[in-house]
Amino acid sequence: MATWFLGDIIPGVPDDYTIIDPPRERATTTILDLPIELLYKITKYCKFADIVALSTLCRYSYTVYFDQVYSLVPICVRASKLPWADALKEDASVDEILPHLRGGYFTNITRLLRRPEHRRALQTLLICDVPSETANMCSIFNEDHRRAILSTLVREIISGAPNLQHLVLPKNAPNLTGVIWPNSLKSLKVYTTGQNTRRAFRTLNGLERFSVVAGVDIASVRSIPLRFGQSIQVFSCTWRAHVLWRREIDAYITILGNFAQYLADAMPSLKRLEIGIVEDFLPDLQHDQERMIKAKHQCYLNLVEKLTKIQEFTLLTFTNDFLYESNTPIQHWEFVRRLGTASGTLDCIQLRDPGFRHFNTVLKELNIVWKRAHAPSLLSPVATACTTTAESMWTPDPTRSYYWGIWFREFGTAEEVQQMMKCLWSDKQDVPYLHLLKLCEPSSTAL
Numbered sequence: 001m002a003t004w005f006l007g008d009i010i011p012g013v014p015d016d017y018t019i020i021d022p023p024r025e026r027a028t029t030t031i032l033d034l035p036i037e038l039l040y041k042i043t044k045y046c047k048f049a050d051i052v053a054l055s056t057l058c059r060y061s062y063t064v065y066f067d068q069v070y071s072l073v074p075i076c077v078r079a080s081k082l083p084w085a086d087a088l089k090e091d092a093s094v095d096e097i098l099p100h101l102r103g104g105y106f107t108n109i110t111r112l113l114r115r116p117e118h119r120r121a122l123q124t125l126l127i128c129d130v131p132s133e134t135a136n137m138c139s140i141f142n143e144d145h146r147r148a149i150l151s152t153l154v155r156e157i158i159s160g161a162p163n164l165q166h167l168v169l170p171k172n173a174p175n176l177t178g179v180i181w182p183n184s185l186k187s188l189k190v191y192t193t194g195q196n197t198r199r200a201f202r203t204l205n206g207l208e209r210f211s212v213v214a215g216v217d218i219a220s221v222r223s224i225p226l227r228f229g230q231s232i233q234v235f236s237c238t239w240r241a242h243v244l245w246r247r248e249i250d251a252y253i254t255i256l257g258n259f260a261q262y263l264a265d266a267m268p269s270l271k272r273l274e275i276g277i278v279e280d281f282l283p284d285l286q287h288d289q290e291r292m293i294k295a296k297h298q299c300y301l302n303l304v305e306k307l308t309k310i311q312e313f314t315l316l317t318f319t320n321d322f323l324y325e326s327n328t329p330i331q332h333w334e335f336v337r338r339l340g341t342a343s344g345t346l347d348c349i350q351l352r353d354p355g356f357r358h359f360n361t362v363l364k365e366l367n368i369v370w371k372r373a374h375a376p377s378l379l380s381p382v383a384t385a386c387t388t389t390a391e392s393m394w395t396p397d398p399t400r401s402y403y404w405g406i407w408f409r410e411f412g413t414a415e416e417v418q419q420m421m422k423c424l425w426s427d428k429q430d431v432p433y434l435h436l437l438k439l440c441e442p443s444s445t446a447l
């Protein structure tokens, strides 16, 4: 940069007037000349596809970005793409399989197996599920054999990924028996707990998050190894119970009692629990539904009471856990208060049903959040007296107008209700306006 002081030559021009040299005609400065710290920060504003594109610019960009490219890798397990596997033995080694992995379909698998640095960069592995193939594409007699070949490859990838933190397994999960689990694995999501999967879990330690997508038979709760769940802090699963005859109801209620005890013993470190129980019963047992629902509620109460570290409880099958005539805000409130009384560490309760559908779009996906009041000094005298008792005050999400009656019942006028909403739900930015609350105030309705 050249600087001339032109004030002495041209009147009126300031002394700090600068003239910038014209750009060089053959400039060689590129984005890769930036410090590596800035190159990493650039990726925070990029999509994953953009990061992949950056890694393909040159060898240097590849060395900079390959850690992020291979931090998340999806693998599509499709047996129809393995016709060459029929010529291999079922117990073939990885070295025998690798020469057959050709084509773009096996790019992710090949790169992970051929380059150890790629497996060291792996943090999230998604094994995608694919619908079953037609008979002309995949012979039913060879599918098990081909799945065994795929299982060998997946076991090798997991065993050689020392920094793997998250693993997602599909419905038709590969056989992971004999896999060497990395100590870094903290999160596991499976479609169901099949026999091969349960056998592989016996050697898994240090897991913090465990999620099961499909419904699991409640009678098979003992299939969860006790050692496997000792460190789990977040668990999500929907359980199914088959009650086809009236004589099976007593046995089902006994199973519910044993279920709560075993799950609490298997996962004593739980801080967040997402659970639901759905019964499959005949129409003739409709009048016994109330008895089964009461047993389920008692199971939930026993469960949160035995989990001494529980902080958040989510009921996934909300619409199936209340009778139609008792499915009211007051009944929901009573149930939440009973859960809060059973556990002194519980701070948040969610009543959720992802499969709930209604003609009203407001209730398209039902999720009601309840929180325990933690600021008795800021409450009204009546509310302060309530929160100091064994039954702490629980309030619903203020954006749910269907539950405003509980707010009015506890705090009185619309002004007091809005003040308490802002106080107890300070993280909510959309607290209802005062004129809307006044429209729903009981006294205004009475007038």
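Counted the way the numbering used here counts, the sequence shown spans residues 1 to 447.
Glycine included, C-beta positions come from ideal geometry on N, C-alpha and C.
- With contacts defined by Cβ atoms closer than 8 Å, residue 336 and residue 370 form a contacting pair.
- By the neighbour-count criterion, in which a residue is buried when 16 or more other Cβ atoms sit within 10 angstroms of its Cβ, residue 343 is buried.
- Secondary structure of residue 241 (DSSP, three-state): strand.
- Minimum Cα-Cα distance from residue 321 among the listed residues 149, 36, 294, 156 corresponds to 294.
- With a cutoff of 8 Å on beta-carbon distance, residue 176 and residue 97 are scored as not near each other.
- In chain order, 338, 339, 342 place their CB closer than 8 Å to the CB of residue 301, counting only its own chain and leaving out the 5 sequence neighbours on each side.
- Inter-residue distance for residue 30 and residue 115 is about 29 Å (C-alpha atoms, whole angstroms).
- In the structure shown, residue 64 adopts helical secondary structure according to DSSP, grouped into three states.
- Exposed is the label assigned to residue 434, since fewer than 16 other Cβ atoms lie within 10 Å of its Cβ.
- Residue 221 sits away from residue 191, with the two beta carbons spaced by 8 Å or more.
- Annotation: the continuous beta strand (DSSP E) that includes residue 211 extends over 209-212.
- When the beta-carbon positions are compared, residue 234 and residue 272 come within less than 8 Å of each other.
- Looking at the DSSP output, residue 329 sits in no beta bridge, so it has no partner there.
- Beta bridge pairing from DSSP links residue 181 with no other residue.
- Burial state of residue 48 is exposed, judged by a 10 Å Cβ sphere holding fewer than 16 other Cβ atoms.
- The Cβ-Cβ distance between residue 167 and residue 185 falls below 8 Å.
- Closest in alpha carbon position to residue 120, among 162, 349, 290, is 162.
- At least 8 Å separates the beta-carbon of residue 216 from that of residue 200.
- For residue 368, the secondary structure class from DSSP, reduced to helix, strand or coil, is strand.
- Rounded to whole angstroms, the gap between the alpha carbons of residue 297 and residue 396 is 19 Å.
- As computed with DSSP, residue 189 is found in a beta bridge with 168, 211.
- Shown here, residue 404 sits in a helix according to DSSP, grouped into three states.
- Within the region 217-299, the runs of alpha helix (DSSP H) at least 4 residues long that lie entirely inside it are, in chain order, 249-266.
- In this structure, the CA atom of residue 407 is about 14 Å from the CA atom of residue 331.
- Linking residue 323 to residue 290 through their CA atoms gives a straight-line distance of about 7 Å.
- In the three-state scheme derived from DSSP, where H, G and I count as helix and E and B as strand, residue 124 is classed as strand.
- Note on residue 288: under 16 other CB atoms within 10 angstroms of its CB, so exposed under the neighbour-count rule.
- At a Cβ-Cβ threshold of 8 Å, residue 232 and residue 207 count as neighbours.
- Where residue 95 is concerned, the enclosing alpha helix (DSSP H) starts and stops at 94-97.
- Our two residues, residue 251 and residue 265, have alpha carbons roughly 21 Å apart in a direct line.
- Annotated as proximal: residue 122 and residue 71, with beta-carbon spacing under 8 Å.
- In the three-state reduction of the DSSP assignment, residue 150 falls in the helix class, which pools H, G and I.
- Judged by DSSP secondary structure, residue 352 falls within the beta strand (DSSP E) whose first and last residues are 348-353.
- Nearest in C-alpha terms to residue 169, of all of 156, 155, 189, is 189.
- Annotation: the continuous beta strand (DSSP E) that includes residue 312 extends over 312-315.
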